[in-house]
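*Asks:* Those protein sequences? They're chains Z and B, same order as listed. Counting in numbering that gives the first Met the number 0, the first sequence runs from 0 upward without gaps. Counting in numbering that gives the first Met the number 0, the second sequence runs from 0 upward without gaps. Even for Gly, the Cβ is constructed at its ideal location relative to N, Cα and C. This is the structure, below, for whatever I ask next.
There are 2 protein chains.
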Amino acid sequence: MSDPETQQELGITESKEHSTGDWYAEVVQKAGLADYAPMGGFIVTRPRGYDIWERLKHTLDGWFKQTGVTNAYFPMFIPESYLEREKDIVEGFDPEVAWVTEGGYDELDERLAVRPTSESIIAPFMSQWIRSHRDLPMRLNQWCSVVRWEATETKPFFRTKEFLWQEGHTAHHDREGAWDETMLRLDQYERVYEEVLAMPVLKGRKPDHDKFPGADTTTTVEALMPDGKSVQGGTSHYLGTSFAEAFDITYADSEERDRTAHTTSWGLSWRAMGALIMTHSDDQGLVLPPTLADPQVVIVPIWQADNRAAVLEYAAEVESALSQAGLRVELDDRENRNPGFKYNEWELRGVPLRLEVGPNECAEETATLVHRPDGETVTVDREGLADSVERQLDTVHGKLYATAEETLEAGIREAESREEILGTIGRHGGYVKCGWCGDEGCETPIKEAIAAEIVMVPLDRAAEPIHRSCAICGDPAEETAYFARTY
Amino acid sequence: MSDPETQQELGITESKEHSTGDWYAEVVQKAGLADYAPMGGFIVTRPRGYDIWERLKHTLDGWFKQTGVTNAYFPMFIPESYLEREKDIVEGFDPEVAWVTEGGYDELDERLAVRPTSESIIAPFMSQWIRSHRDLPMRLNQWCSVVRWEATETKPFFRTKEFLWQEGHTAHHDREGAWDETMLRLDQYERVYEEVLAMPVLKGRKPDHDKFPGADTTTTVEALMPDGKSVQGGTSHYLGTSFAEAFDITYADSEERDRTAHTTSWGLSWRAMGALIMTHSDDQGLVLPPTLADPQVVIVPIWQADNRAAVLEYAAEVESALSQAGLRVELDDRENRNPGFKYNEWELRGVPLRLEVGPNECAEETATLVHRPDGETVTVDREGLADSVERQLDTVHGKLYATAEETLEAGIREAESREEILGTIGRHGGYVKCGWCGDEGCETPIKEAIAAEIVMVPLDRAAEPIHRSCAICGDPAEETAYFARTY
């Protein structure tokens with residue numbers, strides 16, 4: 000390297016395998032995604048990080064709009080008396096609320112909660128806006144930030160006191176409409192993981208003792224991280240009539256009878272970005288799927304004094320061909336950096352495909368493509384280059400997905416007893432499936448011993464054969480529980 | 000009308016001319032743009048209102064990105080000690096800050112300001128990220144909400160304690176770079192008013208006593224409302240080195256000398272939507288320019304029992320042709336509403352163009368187009384319909400702009416004395432231009448007498464001949480002052 004000092008500052012020094020937490024923090028900072036704010040628990044999302052969030056948001060927002068959702072914006076503050084109207088919400092969130100108590104030089108008459116989630120301010124307006132069955136279904140969404148005053152250690156995107164998310168809130172005629180909505184949004188979350196983040200997820204229900212406060216059913220997509228922990232990747236709640244009753248969301252049906260609506264809420268936060276970074280990145284730095292990367296392709300020209308002009312001209316021609324094809328491409332023609340330095344820098348930043356052009360490529364009218372995840376090299380013709388690059392980007396997406404899928408498949412194991420659950424998670428991490436009686440008390444000993452919990456049960460009981468008995472207490476099993484350590 | 004009750008509920012009852020404030024509030028609510036939140040000073044932005052903001056944002060964000068701006072996200076809270084680091088900021092905003100003092104069940108060690116503007120949290124990070132002249136210019140922007148605890152009456156979009164905006168923050172090598180940036184953003188604000196909001200604005204500087212706290216120069220775009228008051232439509236600040244000095248934003252120049260950066264900030268809020276609604280709407284309700292409207296065209300089929308099928312088929316064909324051309328179009332084929340009801344409803348909602356098709360249009364293969372602003376009717380051929388509709392939409396935009404321009408041009412008057420200033424603004428509203436010595440003391444008597452103030456002085460002193468003497472005190476004039484009442 001020509002520039003050893005900068006190189007050292009740029010490079011990742013921690014190991015993903017041996018010090019996952021430190022490695023993750025280093026990737027986030029050195030790839031320029033985020034920095035720590037002066038207040039514990041808060042981060043600053045830098046342009047490279049925010050760009051990823053914007054792309055994810057753009058795709059998901061498009062799907063929402065195609066399926067009847069309209070965006071709105073509700074106040075970031077919720078009066079304490081509103082938060083108290085649904086008792087489960089206040090019990091669930093009260094310990095985590097940041098309170099505004101002073102405005103200007105005056106103490107406020109009533110404390111205002113900085114929204115931890117917005118059911119309590121959205122539901123009263125739905126109540127006003129919904130009069131008749133013709134006003135249903137009503138589907139609102141907002142992209143905003145929320146605050147939850149958790150005392151745990153800051154982990155950028157995974158765990159921060161303020162985080163960006165979207166929260167959808169809908170009202171329907173009946174249970175069936177609301178349940179279909181709950182599933183539709185869960186499926187969209189699964190799809191955004193698969194198609195945008197290049198990650199498989201498991202879909203399931205949270206056990207009753209771990210539902211969203213006030214929900215009838217909380218559904219979840221769970222992603223397995225390479226260190227064997229599960230991340231709750233997005234949740235979609237069927238709220239039944241609890242919020243509708245607390246906030247009086249009723250409507251006149253077609254026979255003018257007064258009926259109570261059924262509501263849902265569903266949210267996906269920037270934790271999805273945390274899961275993305277954790278899953279695909281490596282000891283060289285960030286790895287991004289082509290769906291989210293900018294640039295998707297970096298062109299690194301390799302020249303000597305005697306062929307500099309020809310190589311650079313060829314590189315510029317290649318850049319123009321790719322960007323005309325709609326690809327996000329950057330030509331790194333910096334004079335004061337050698338190719339090796341550039342390779343490292345673009346690898347650190349996660350660019351999925353490197354395109355090298357030197358005198359050989361020039362002469363033969365080809366380009367050398369290098370896949371970020373595994374360094375695989377492919378030489379392709381200049382003719383039809385944009386198509387070849389698009390195919391290689393698809394291949395990179397496929398590789399990322401396949402690796403994550405292998406991790407997930409290898410990470411689901413079965414157990415027949417408490418000792419086996421403890422031993423398996425202790426040794427391998429990942430998910431352990433077992434029979435479960437349905438009693439929270441049977442989760443407690445596992446939680447206390449190894450901090451693993453039931454992250455989900457299958458959505459459809461009939462879909463998987465249930466073990467005959469609860470692996471912990473031996474009573475007849477009601478469910479198949481997936482135990483795992485979590486983020 | 001077949002449905003008088005609903006009709007009455009839908010229609011605007013206040014007069015724009017005689018009770019502008021009440022009329023404005025009624026339009027905002029009945030067109031479904033916003034509602035009042037339970038806490039004074041806060042509003043709920045409903046889907047139809049948020050959609051307008053999203054379109055405005057999309058356009059402006061695109062221009063920002065084309066001109067080197069990257070989006071980021073900084074925490075919504077600013078520690079009190081950070082706010083205090085730039086003395087003008089703390090003096091300027093302290094009376095308007097909402098304070099978070101409790102997190103969960105604990106009192107915080109340090110109060111956290113809910114951001115009233117983010118210079119104080121962004122500047123310290125710019126200080127960390129900027130090392131050498133190669134890191135400049137740095138251009139960051141965020142779309143977010145801010146809170147200013149003002150005690151005045153709530154006016155949706157114009158004056159709310161929480162509001163949505165974008166705030167850009169940039170750092171440059173020197174005064175020239177920062178000044179060019181300040182002007183570039185001011186020009187983009189002017190352009191968004193002209194091209195998107197269909198409104199002319201005046202560009203100018205705020206007088207020194209009304210600058211943004213800590214700024215060297217505050218520039219502004221001002222829009223004249225039909226009731227004769229001026230709205231500050233967006234501001235772009237050249238901050239000089241005050242923030243760079245307070246937060247240590249320095250860089251090594253090409254000769255490794257340590258130099259202080261020059262910074263800017265610039266913001267446009269949803270007040271632009273307030274100005275839009277106030278300017279174009281009328282006693283029938285909202286009027287939107289085609290740039291922001293969804294739908295842009297509403298098709299109202301007019302049928303009798305014997306031609307219903309043919310008319311509806313023709314209407315559907317027209318809808319499909321327009322939407323294939325990329326227009327936002329809606330076919331209102333509701334059976335239980337008559338055409339008159341539909342006309343009123345879509346007028347209330349501000350749809351720029353109504354397309355009527357009845358048996359005549361069917362037979363003659365034409366369509367009747369009605370302009371929302373003035374009811375002008377044009378019959379066009381089915382062949383080439385999409386092009387005709389696009390031209391008519393351009394015409395509607397032009398009409399809206401022309402009317403607003405007439406108001407602005409007629410609203411600028413000159414005055415030579417204090418009495419003339421008071422009399423002219425008292426009688427006509429609008430702007431009064433006069434010579435001004437530059438002393439805040441000469442604004443005071445005008446402010447006290449009729450609540451008018453100096454909203455701007457021309458950017459370029461050479462561009463307009465300056466009156467010889469200050470209209471108030473008679474001393475030699477330094478500037479041309481534009482006095483007006485404001486929102």
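Between Gly273(B) and chain Z, is the shortest Cβ-Cβ distance under 8 Å, so that the two count as touching?
*Replies:* It does not: the Cβ of Gly273(B) has no partner Cβ on chain Z nearer than 8 Å.
*Asks:* Starting from Pro464(Z) and walking both ways along the alpha helix (DSSP H), at which residues does that stretch end?
*Replies:* No alpha helix (DSSP H) contains Pro464(Z), which DSSP labels as neither H nor E.
*Asks:* What residues from chain Z crowd round Tyr81(B), counting only those whose CB sits closer than 8 Å?
*Replies:* Residues of chain Z passing the Cβ test: Pro37.
*Asks:* For Val456(B), write down the residues that DSSP places opposite it in a beta bridge.
*Replies:* Val456(B) is bridged to Arg204(B).
*Asks:* 8 Å is my cut-off, CB to CB: does Thr262(B) come that close to chain Z?
*Replies:* Cβ-Cβ to chain Z under 8 Å: no for Thr262(B).
*Asks:* Checking 8 Å against the spacing of the C-beta atoms, do Glu53(B) and Asn140(Z) come in under that value?
*Replies:* No, the Cβ-Cβ distance between Glu53(B) and Asn140(Z) is not below 8 Å.
*Asks:* When the cut-off is 8 Å and only beta carbons count, does Thr278(B) lie next to chain D?
*Replies:* Here the protein chains are Z and B, and chain D is not one of them.
*Asks:* Hey, quick one: how far does the beta strand (DSSP E) through His171(Z) stretch, first residue to last?
*Replies:* Taken as a continuous stretch (DSSP letters only), the beta strand (DSSP E) holding His171(Z) covers 161-171.
*Asks:* Can you look up Pro288(Z) in the DSSP assignment and give me helix, strand or coil?
*Replies:* Reduced to three states, the DSSP call for Pro288(Z) is coil.
*Asks:* Taking the beta strand (DSSP E) that Pro411(Z) belongs to, which residues open and close that run?
*Replies:* In the sequence on display, residue 411(Z) carries Ile and not Pro. Element bounds for Ile411(Z): 411-413.
*Asks:* Tell me, please, which residues DSSP counts as bridged to Trp98(Z).
*Replies:* Paired residues: Ala112(Z), Glu101(B).
*Asks:* Within the continuous beta strand (DSSP E) that includes Ala33(B), where are the two ends?
*Replies:* That run of the beta strand (DSSP E) goes 33-35.
*Asks:* Taking Cβ positions, are Trp148(Z) and Gly48(B) nearer each other than 8 Å?
*Replies:* It is not a contact, given that the beta carbons lie outside the stated cut-off.
*Asks:* May I ask you to list, following chain order, the residues of the region 89-122 of chain Z that have a beta carbon less than 9 Å from some beta carbon of chain B?
*Replies:* So the list reads Asp93, Pro94, Glu95, Val96, Ala97, Trp98, Val99, Thr100, Glu101, Gly102, Gly103, Tyr104, Asp105, Leu107, Glu109, Arg110, Leu111, Val113, Ile120, Ile121, given in the order they occur along the chain.
*Asks:* Taking 7 Å as the limit between beta carbons, can you name the residues of its chain near Val68(B), skipping five residues before and five after?
*Replies:* Answer for Val68(B): Arg138, Asn140, Gly167, listed in chain order.
*Asks:* May I ask you to report which of helix, strand or coil DSSP gives Gln323(B)?
*Replies:* Helix.
*Asks:* Can you tell me whether His396(Z) is buried or exposed, with buried defined as 16 or more other CB within 10 angstroms of its CB?
*Replies:* With 16 or more other Cβ atoms within 10 Å, it is buried.
*Asks:* Under DSSP, the alpha helix (DSSP H) around His487(Z) begins and ends at which residues?
*Replies:* This structure leaves residue 487(Z) out entirely; chain Z is present only between 0 and 486.
*Asks:* Do the region 295-310 of chain B and the region 253-270 of chain B make contact, defined as three or more Cβ pairs closer than 8 Å?
*Replies:* Counting Cβ pairs under 8 Å, fewer than three are found: no touch.
*Asks:* Return yes when the Cβ of Pro212(Z) is within less than 8 Å of the Cβ of Ile120(Z), no when it is not.
*Replies:* Not a contact, by the Cβ cut-off of 8 Å.
*Asks:* Just curious, the beta strand (DSSP E) that Ala24(B) is in, first and last residue?
*Replies:* No beta strand (DSSP E) holds Ala24(B); the alpha helix (DSSP H) holding it covers 19-29.
*Asks:* Alpha carbon to alpha carbon, how far is Asp93(Z) from Phe63(B)?
*Replies:* The straight-line gap from Cα to Cα measures roughly 40 Å.
*Asks:* Between the region 309-328 of chain Z and the region 5-25 of chain Z, do three or more beta carbon pairs fall short of 8 Å?
*Replies:* They do not touch, by the three-pair rule.
*Asks:* Any idea if Asp331(Z) is buried or exposed, counting beta-carbon neighbours within 10 angstroms, 16 or more meaning buried?
*Replies:* Buried: at least 16 other Cβ atoms inside 10 Å.
*Asks:* So Ser144(Z) contacts chain B; which residues on that side make the cut at Cβ distance below 7 Å?
*Replies:* Ordered by position in chain B, the residues that pass the 7 Å Cβ test against Ser144(Z) are Met75.
*Asks:* Thinking Ser144(B) and Met75(Z) are a contact (beta carbons under 8 Å), I'd like their distance in whole angstroms, please.
*Replies:* About 6 Å; that satisfies the 8 Å criterion.
*Asks:* Say whether chain B places a C-beta atom closer than 8 Å to the C-beta of Trp302(Z).
*Replies:* Output row for Trp302(Z): interface = no.
*Asks:* For Ser131(B), count the other beta carbons within 10 Å of its own beta carbon; 16 or more makes it buried, fewer makes it exposed. Which is it?
*Replies:* It is exposed - the Cβ of Ser131(B) has fewer than 16 other Cβ atoms within 10 Å.
*Asks:* In angstroms with no decimal places, state the Cα-to-Cα distance between Thr487(B) and Asp282(B).
*Replies:* With chain B running from 0 to 486 in the structure shown, residue 487(B) is simply not present.
*Asks:* Using the three-state DSSP reduction, which class does Met272(Z) fall into: helix, strand or coil?
*Replies:* Helix.
*Asks:* Taking 8 Å as the threshold, find out whether the region 222-231 of chain B comes into contact with the region 96-113 of chain B through three or more Cβ pairs.
*Replies:* No, the region 222-231 of chain B does not touch the region 96-113 of chain B.
*Asks:* Ordered along the chain, which non-local residues of its own chain (more than five positions away) have a Cβ less than 7 Å from that of Ala30(B)?
*Replies:* Closer than 7 Å at the Cβ level, and outside the excluded window around Ala30(B), lie Arg47, Gly284, Leu285, Leu347, Arg348, Gly349.
*Asks:* Distance check for Ala292(B) and Asp209(Z), CA to CA, integer angstroms please.
*Replies:* The alpha-carbon atoms of Asp209(Z) and Ala292(B) are separated by roughly 44 Å.
*Asks:* Among Val356(B), Glu83(B), Gly273(B), Asp108(B), which residue has its Cα nearest to the Cα of Gln28(B)?
*Replies:* The residue with the shortest Cα to Cα distance from Gln28(B) is Gly273(B).
*Asks:* Exposed or buried, which one is His261(B) when buried takes at least 16 other CB atoms within 10 Å?
*Replies:* Answer is buried; the Cβ neighbour count reaches 16.
*Asks:* Please list the partners that Tyr72(B) has in chain Z, where partner means a Cβ-to-Cβ separation under 7 Å.
*Replies:* Neighbours of Tyr72(B) on chain Z, chain order: Thr44, Tyr49, Leu163.
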